[in-house]
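Please read the structure below before turning to the comments.
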Amino acid sequence: MQPDGIARDLEEAIDEKSSSPAAAFIAGAKAIVPVLLALLPFGLAFGATATGSGLSAVEALGMSVFVFAGAAQLAAVPLLSAGASVAIVLLTVLVVNLRLTLYSASLAPHFGRLPAGWKGLLAYLLTDQAYAATITPFDEGERNEPDKRWYYLGVALAIWVTWQAATVSGVVLGAWASEGWSLDFVLPLIFIAAAVPAIKDRATGAASLSAGIAALFCATLPLNLGLITAALAGVLGGLVAELVFERGQK
Amino acid sequence: MSTLTLWLAVAGAGAITFALRLSFIALLGRIEIPPLLGSALRFVPAAVFTAVVIPLLFYVNGAVEVSIGNERLLAGIAAVLIAWRTRSVPLTLVGGMATLWALQAIGLGP
Chain A
142 MQPDGIARDL EEAIDEKSSS PAAAFIAGAK AIVPVLLALL PFGLAFGATA TGSGLSAVEA
202 LGMSVFVFAG AAQLAAVPLL SAGASVAIVL LTVLVVNLRL TLYSASLAPH FGRLPAGWKG
262 LLAYLLTDQA YAATITPFDE GERNEPDKRW YYLGVALAIW VTWQAATVSG VVLGAWASEG
322 WSLDFVLPLI FIAAAVPAIK DRATGAASLS AGIAALFCAT LPLNLGLITA ALAGVLGGLV
382 AELVFERGQK
Chain B
385 MSTLTLWLAV AGAGAITFAL RLSFIALLGR IEIPPLLGSA LRFVPAAVFT AVVIPLLFYV
445 NGAVEVSIGN ERLLAGIAAV LIAWRTRSVP LTLVGGMATL WALQAIGLGP
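Line by line, the protein sequences are chains A and B.
Each residue of the first sequence is one higher than the one before, counting from 142 in the numbering used here.
Each residue of the second sequence is one higher than the one before, counting from 385 in the numbering used here.
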């Protein structure tokens, strides 16, 4: 056999391999590794603050499995420990997680022809990170139809496993740390680390500022309505600022 | 909060979150996101994160405390500066905790 014949065979073999479900799954899991490292502190912080706020290990892990949404879980912890009603917790989770509908809409065309079971599984695993890692290769046509689900599954399952492992580690850390360490301070710190990059322009800055001022005055509202009120005030502030700045440009 | 109430909240939060995730994947193009909701969603992260942080920094024993004795406020400001300069989550956590511990050790508080 000629050398370039071997090379062609090898190329075909690699091509065939890269379109198999297992290869697509592994490619997805590999692509997400750097993001997993950034995800760890959030999972650790959730596990530690949940334990510090009086949740049991099973309850903390239960939240990570059932809800599987970092920002909403972290926002719910102070509400739960303050004894907020179920309705307030659910309303907060709804507002914090509304953005997931945007990702759902954006990914929908790529999952359109899948059976209902697949759709349910892929939807359950939908997170900021899974969306960010898959939408660009999908939209640019880098992955063909049967590959997409497996690539997405590789990305999303790696995130899921990391999140659960980080939660458990955080619970262990939180239970082991003494109260004198003020480990509950990790909660505001993790939100500071998330808020600063979320302020991208004047309008998002106005949203943050309005939410902050409202939070200062709303913190003592009855029924723990402070968080949700301040968050909505922030969204309103952002919308108003956007209108004002747009008008200013004309 | 009782164990039952907590699990009720967890189950409800899980159901709501799953419904939001599945929404358009299940309905595929049959409904559209209203434009106002679309632009409002852009502000949710900045608004929610700030709304969580501010009371945790400013309130001490149920009252607003803006003074050099409020160690959490000072450590929080340090963390904002670190987050802004480095954009690093681990550095923000370590820097914020270290600042808090240092301030507690110095003991400027009452």
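Every residue, glycine too, gets a C-beta built ideally from N, C-alpha and C.
In this text the structure is predicted, and so the values were computed from the model without any measurement.
Just list the alpha helix (DSSP H) runs in the segment 309-382 of chain A, keeping only unbroken ones of 4 residues or longer that don't cross its boundaries, in chain order.
327-339 and 343-359
Under 8 Å between C-beta atoms, does A372 (chain A) make it to chain B?
The residue labelled residue 372 (chain A) in the question sits at position 231 within the first sequence. At least one chain B Cβ lies under 8 Å of A372 (chain A).
Taking the alpha carbon of E383 (chain A) as the reference point, which residue from B:A424, B:N445 and B:S386 has its own alpha carbon closest?
The sequence position of residue 383 (chain A) within the first sequence is 242, counting from 1. For E383 (chain A), the closest of B:A424, B:N445 and B:S386 by C-alpha to C-alpha distance is B:A424.
Please name the residue or residues paired with V444 (chain B) in a DSSP beta bridge.
Taking the second sequence and counting its residues from 1, one reaches residue 444 (chain B) at position 60. Paired residues: B:A447.
Any contact of the segment 369-376 of chain A with the segment 394-408 of chain B, i.e. 3+ C-beta pairs under 8 Å?
Under the 8 Å Cβ criterion, the segment 369-376 of chain A does not count as touching the segment 394-408 of chain B, having fewer than three qualifying pairs.
Compile a chain-ordered list of the residues in the segment 258-291 of chain A whose CB is closer than 8 Å to at least one CB of chain B.
Residues K260, G261, L263, A264, Y265 and L267.
Measure from the C-beta of F332 (chain A) to each C-beta in chain B and report whether the shortest distance is under 8 Å.
Residue mapping note: residue 332 (chain A) aligns to position 191 of the first sequence, counting from 1. Interface residue, yes.
Taking C-alpha atoms, which residue in A:A179, A:L262, A:A225 and A:P175 lies nearest to T361 (chain A)?
Sequence index remark: in the first sequence, residue 361 (chain A) carries index 220 (1-based). The option with the nearest alpha carbon to T361 (chain A) is A:A225.
Listed by chain order, chain B residues near P182 (chain A) by CB distance under 7 Å
The count along the first sequence starts at 1 and reaches residue 182 (chain A) at position 41. Those within 7 Å of P182 (chain A) in chain B are V473, P474 and L477.
Just how far apart, CA to CA, sit A399 (chain B) and T345 (chain A)?
The residue you call residue 399 (chain B) lines up with position 15 of the second sequence. The residue you call residue 345 (chain A) lines up with position 204 of the first sequence. If I take the Cα positions, the gap works out to 29 Å.
In the DSSP assignment, the alpha helix (DSSP H) including N454 (chain B) goes from what residue to what residue?
Looking up residue 454 (chain B) in the second sequence gives position 70. No alpha helix (DSSP H) contains N454 (chain B), which DSSP labels as neither H nor E.
On the three-state DSSP scale, how would you describe L412 (chain B)?
Here residue 412 (chain B) is taken as the residue at index 28 of the second sequence, counted from 1. Collapsing the DSSP output to three states places L412 (chain B) in coil.
Which chain B residues are close to T192 (chain A), counting only those with a beta carbon under 7 Å from its beta carbon?
Position 51 of the first sequence holds residue 192 (chain A). Those within 7 Å of T192 (chain A) in chain B number zero; the least Cβ separation is about 14 Å.
Find the residues of chain A that neighbour S423 (chain B), judging by a C-beta separation of less than 9 Å, and give them in chain order.
Walking along the second sequence from the start, residue 423 (chain B) turns up at place 39. Simply G379, L380 and E383.
Using the C-alpha atoms, what's the distance from A403 (chain B) back to L364 (chain A)?
For this step, residue 364 (chain A) is matched to residue 223 along the first sequence. For this step, residue 403 (chain B) is matched to residue 19 along the second sequence. In a straight line, the C-alpha of L364 (chain A) is about 26 Å away from that of A403 (chain B).
Tell me which residue opens and which closes the alpha helix (DSSP H) that L248 (chain A) is part of.
In the first sequence, residue 248 (chain A) corresponds to position 107, counting from 1. In the DSSP assignment, L248 (chain A) falls within the unbroken alpha helix (DSSP H) covering L241 to L248.
Proximal residues, the segment 424-451 of chain B versus chain A, C-beta separation under 8 Å:
For the segment 424-451 of chain B, the residues whose beta carbon sits under 8 Å from a beta carbon of chain A are, in order, A424, L425, R426, F427, V428, P429, A430, A431, V432, F433, T434, A435, V436, V437, I438, P439, L440, L441, F442, Y443, G446 and V448.
Does any residue of chain A bring its CB to less than 8 Å from the CB of G491 (chain B)?
By 1-based counting over the second sequence, the position of residue 491 (chain B) is 107. No, G491 (chain B) lies away from the interface with chain A (no Cβ there is under 8 Å from its Cβ).
Alpha-carbon to alpha-carbon, P338 (chain A) and L475 (chain B)
In the second sequence, the residue the question calls residue 475 (chain B) occupies position 91. In the first sequence, the residue the question calls residue 338 (chain A) occupies position 197. Note on geometry: alpha-carbon atoms of L475 (chain B) and P338 (chain A) lie some 14 Å from one another.
Skipping 5 residues on each side, what residues in its chain have a beta carbon closer than 6 Å to that of A462 (chain B)?
Taking the second sequence and counting its residues from 1, the one referred to as residue 462 (chain B) is at position 78. The answer, listed in chain order, is T483.
Whose Cβ in chain B lies nearer than 7 Å to the Cβ of R240 (chain A)?
Translated into the one-based positions of the first sequence, residue 240 (chain A) becomes position 99. Going along chain B in sequence order, the residues near R240 (chain A) (Cβ under 7 Å) are L425 and V428.
Should F326 (chain A) be flagged as near chain B, meaning a C-beta pair shorter than 8 Å?
Reading the first sequence from its first residue, position 185 is the one you call residue 326 (chain A). Closer than 8 Å: yes.
Put T434 (chain B) into one of helix, strand or coil per three-state DSSP.
Counted from its first residue, the second sequence places residue 434 (chain B) at position 50. Here T434 (chain B) sits in helix by DSSP.
Nearest chain A C-beta to A459 (chain B) closer than 8 Å, yes or no?
Within the second sequence, numbered from 1, the residue matching residue 459 (chain B) stands at position 75. By this cut-off, A459 (chain B) is an interface position.
Beta carbon of L235 (chain A), beta carbon of S194 (chain A): below 8 Å?
Along the first sequence, one-based indexing puts residue 235 (chain A) at 94. Along the first sequence, one-based indexing puts residue 194 (chain A) at 53. Going by beta carbons, L235 (chain A) and S194 (chain A) fall outside the 8 Å limit.
Is the CB-CB distance between M204 (chain A) and V394 (chain B) below 8 Å?
Looking up residue 204 (chain A) in the first sequence gives position 63. Looking up residue 394 (chain B) in the second sequence gives position 10. Yes, the Cβ-Cβ distance between M204 (chain A) and V394 (chain B) is below 8 Å.
Between I466 (chain B) and G479 (chain B), is the Cβ-Cβ spacing less than 8 Å?
Locating residue 466 (chain B) in the second sequence gives position 82, where the first residue counts as 1. Locating residue 479 (chain B) in the second sequence gives position 95, where the first residue counts as 1. Cβ distance < 8 Å, so I466 (chain B) and G479 (chain B) count as in contact.
Three or more C-beta pairs under 8 Å: does that hold for the segment 239-255 of chain A against the segment 437-454 of chain B?
no
Could you work out which residue in A:Q305, A:L314, A:A355 and A:F252 is closest to P287 (chain A) when comparing CA atoms only?
As a working mapping, residue 287 (chain A) is identified with position 146 in the first sequence. That would be A:F252, whose Cα lies nearest to the Cα of P287 (chain A).
Going by C-alpha distance, which of B:L390, B:L477, B:E455 and B:W468 is nearest A486 (chain B)?
Against the second sequence, residue 486 (chain B) aligns to sequence position 102. It is B:E455.
With C-beta atoms as the reference, is P182 (chain A) less than 8 Å away from V473 (chain B)?
Here the question's residue 182 (chain A) lines up with position 41 in the first sequence. Here the question's residue 473 (chain B) lines up with position 89 in the second sequence. In contact: P182 (chain A) and V473 (chain B) (Cβ atoms closer than 8 Å).
Quick check: what's the CA-CA separation for L267 (chain A) versus A299 (chain A)?
As a working mapping, residue 267 (chain A) is identified with position 126 in the first sequence. As a working mapping, residue 299 (chain A) is identified with position 158 in the first sequence. So the alpha carbons of these two residues sit roughly 12 Å apart.
Let me know the secondary structure DSSP gives R254 (chain A) once reduced to three states.
Numbered from 1 along the first sequence, position 113 holds the residue referred to as residue 254 (chain A). Coil.
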